[in-house]
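Quick notes on the structure that follows.
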Amino acid sequence: MVRAIVGACWGDEGKGKITDMLAENSDIIIRFQGGSNAGHTIINDYGKFALHLLPSGVFYNHTTSIIGNGVALNIPYLVNEINSIVEKGVPKPKILVSNRAQILMPYHILFDEYEEKRLGKNSFGSTKSGIAPFYSDKYAKIGFQVSELFDDELLKEKVYRVCEQKNVILEHMYHEPKIDPEELLKTLHEYKEMVEPYVCDTVTFLHNAIKEGKNILLEGQLGSLKDPDFGIYPMVTSSSTLAAYGAIGAGIPPYEIKDIVTVVKAYSSAVGAGEFVSEIFGEEADELRKRGGDGGEFGATTGRPRRMGWFDCVASRYGCKIQGATQVALTVIDVLGYLDEIKVCVGYEIDGKVTKDFPTTAELKKAKPVYEILPGWKSEIRGIEKYEDLPENCRKYIEFIEKELEVPVKMVSNGPGRHEIIYR
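Going by this note's numbering, the sequence shown wraps up at 424, each residue one higher than the last.
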């Protein structure tokens with residue numbers, strides 16, 4: 001069976017923990033989009049880890065982790081990440097890299113930095129991981145596929161051709177040093193050596209695995225509102241963050257995805273720029289940020305303080321809808337135990353009218369939050385294992401959210417540890 005684990009909102013919902021947990025009963029875990037631009041924080045018996053490219057199931061001996069064709073593959077980053085977890089005592093994971101995955105080139109990172117600098121105050125708040133230039137090149141058909149590393153003649157011809165184009169932009173638009181094609185070729189030969197042990201025809205591998213009835217997890221990065229089609233465009237990422245894209249980004253039939261676990265946070269947070277209707281500021285935000293996540297709400301990749309807000313029913317319901325959520329995993333509910341009362345955004349007021357439907361970005365800019373206030377439970381709920389043992393106001397909060405989402409909340413995470421989860 002194939003199950004997808006995806007985010008409902010801006011990312012940072014705690015997907016890494018849920019993947020790590022569900023990987024226990026899975027055979028294969030696949031990253032199907034994005035690159036090293038977002039991270040998943042995981043706490044388990046080996047320690048605390050921030051993973052960026054590796055799927056969050058690498059901590060088990062029985063799993064195979066796959067970097068799918070939809071991923072922006074930063075080869076040295078991947079190798080460093082494998083080495084860094086092995087150095088911390090994790091047994092070397094079994095990893096396969098799709099021969100159709102495309103390579104994040106060193107110049108993609110430079111172009112990302114130069115463009116953000118050029119845009120100044122109008123920048124996209126990029127993590128400067130090279131993601132937008134990578135996907136631009138992929139769809140402009142001047143990207144490099146892993147399989148091309150193994151054809152010297154083709155590679156050389158293409159490197160010279162692509163450098164010619166890139167150098168015009170570097171020289172005349174950014175006024176930055178040009179790329180030396182011979183240096184780039186040398187780097188790509190090094191990349192080939194690094195990635196060769198992992199390269200595989202993952203399409204055939206996965207089709208055989210599905211035939212054999214293996215349990216497969218698709219692990220998404222970021223969330224619905226960062227999707228280039230359905231998110232807060234243009235403040236989005238450059239690859240689709242939806243479960244539906246899992247079929248393409250991994251190379252499996254869409255009808256095989258039977259379960260879509262959409263991870264929803266018990267309050268809102270976001271890294272980077274873009275519309276965020278229920279955002280809070282000042283001391284109120286600082287307090288939530290400090291208590292949030294494990295050791296505070298800071299980006300796993302950038303360390304940037306996350307923007308904080310109250311739970312947004314409009315955005316979360318929309319996020320679940322476009323993911324096709326079959327169930328919800330509600331995370332970090334334990335963080336809210338300090339509050340006397342909790343605000344929940346139940347609608348948006350736009351031009352004097354209240355809507356419960358998530359609008360396009362131009363409309364979203366005008367939206368003001370409509371709040372309902374729920375009583376807090378004023379207690380520590382970490383360590384509670386049964387749903388009925390949760391304080392009554394905590395259960396009421398969860399049930400209020402479930403009704404607004406219109407999707408069953410089947411898992412409630414009440415701590416960062418692997419087994420701090422309540423099943424309903």
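For glycine and all other residues, C-beta sits at the position ideal for the given N, C-alpha and C.
Note that this is a predicted model, so its numbers are computed, not measured.
Discussion item. Between which two residues does the alpha helix (DSSP H) holding Gly319 run?
Written reply: Cys313 to Gln323
Worksheet item: By a C-beta neighbour count over all protein chains shown, 10 Å radius and 16 as the cutoff for buried, is Tyr107 buried or exposed?
Response: buried
Practice prompt. Locate the beta strand (DSSP E) running through Phe49, then write down its first and last residues.
Written response: Gly47 to Leu51
Worksheet item: In the structure shown, what three-state DSSP assignment does Arg395 receive?
Response: helix
Worksheet item: When the distance is taken between beta carbons, is Gln323 closer than 9 Å to Val6?
Response: yes
Worksheet item: Under three-state DSSP, which class holds Val370?
Response: strand
Worksheet entry | Unbroken stretches of the alpha helix (DSSP H), 4 residues or longer, contained in the segment 340–385 | 361–364
Worksheet item: Which residues bound the alpha helix (DSSP H) around His108?
Response: Pro106 to Leu119
Worksheet item: Is the Cβ-Cβ distance between Glu341 and Leu374 less than 9 Å?
Response: yes
Discussion item. Whole angstroms are fine: how far does the CA of Val199 sit from the CA of Ile216?
Written reply: 19 Å
Practice prompt. Keeping to the same chain, check which residues put their C-beta closer than 8 Å to that of Ala209; ignore five residues upstream and five downstream.
Written response: Asp27, Ile28 and Ile216
Item to complete: Would you check if there are 3 or more beta carbon pairs closer than 8 Å linking the segment 403–423 to the segment 13–24?
Response: yes
Worksheet item: Looking only at its own chain, which residues have a Cβ that is under 7 Å from the Cβ of Leu222, when we skip the five neighbours before and after it?
Response: Gly7, Gly11, Gly34, Ala38, Thr237 and Thr241
Worksheet item: In chain order, which continuous runs of the beta strand (DSSP E) of length 3 or greater are located wholly inside the segment 13–101?
Response: 28–31, 40–44, 47–51, 64–67 and 94–98
Item to complete: Compute the distance between the beta-carbons of Asp201 and Ser98, then report whether it is under 9 Å.
Response: yes
Fill in: Nonlocal neighbours in the same chain, by C-beta distance under 7 Å from Gly16, ignoring five residues either side
His40, Thr41, Ile42, Leu51 and Ser56
Item to complete: Measure the Cβ-Cβ separation of Leu53 and Tyr77 and say whether it is below 9 Å.
Response: yes
Worksheet item: Looking only at its own chain, which residues have a Cβ that is under 7 Å from the Cβ of Gly14, when we skip the five neighbours before and after it?
Response: Val263, Lys265, Thr331, Val332 and Ser413
Item to complete: Indicate whether the contact test is met: 3 or more Cβ pairs, each with one atom in the segment 339–355 and one in the segment 365–382, closer than 8 Å.
Response: yes
Discussion item. So Arg118 and Ser147 are supposed to be a Cβ contact under 8 Å. How far apart are they, rounded?
Written reply: Going by Cβ atoms, the distance from Arg118 to Ser147 rounds to 33 Å, so no, they are not a contact pair.
Discussion item. Using 9 Å as the threshold, is the C-beta distance between Ile232 and Ala244 below it?
Written reply: no
Item to complete: Pick out whichever of Thr187, Glu349, Arg317 and Lys353 has its Cα sitting closest to the Cα of Phe400.
Response: Arg317
Item to complete: Answer with buried or exposed for Met173, where buried requires no fewer than 16 other C-beta atoms within 10 angstroms of its C-beta.
Response: exposed
Worksheet item: Could you give the residue range of the beta strand (DSSP E) that holds Ile142?
Response: Looking at the DSSP string, Ile142 is not in any beta strand (DSSP E), and its letter there is neither H nor E.
Fill in: Buried or exposed (CB count within 10 angstroms, at least 16 for buried), Ile142
exposed
Fill in: Contacts around Lys290, its chain only, beta-carbon distance under 7 Å, and the 5 residues preceding and following it disregarded
Gly296
Discussion item. Ignoring anything shorter than 4 residues, give me the alpha helix (DSSP H) runs that lie fully in the segment 221–294, in order along the chain.
Written reply: 243–250 and 282–291
Fill in: Neighbourhood of Lys138 by C-beta, 7 Å cutoff - its chain only, sequence neighbours within 5 removed
Gln102
Discussion item. In the DSSP output, which residue or residues are listed as bridge partners for Ser129?
Written reply: Per DSSP, none; premise fails for Ser129.
Worksheet item: Name the DSSP bridge partner or partners of Val6?
Response: Thr262
Discussion item. Can you give me the C-alpha to C-alpha distance between Lys166 and Lys158, rounded to a whole angstrom?
Written reply: 12 Å
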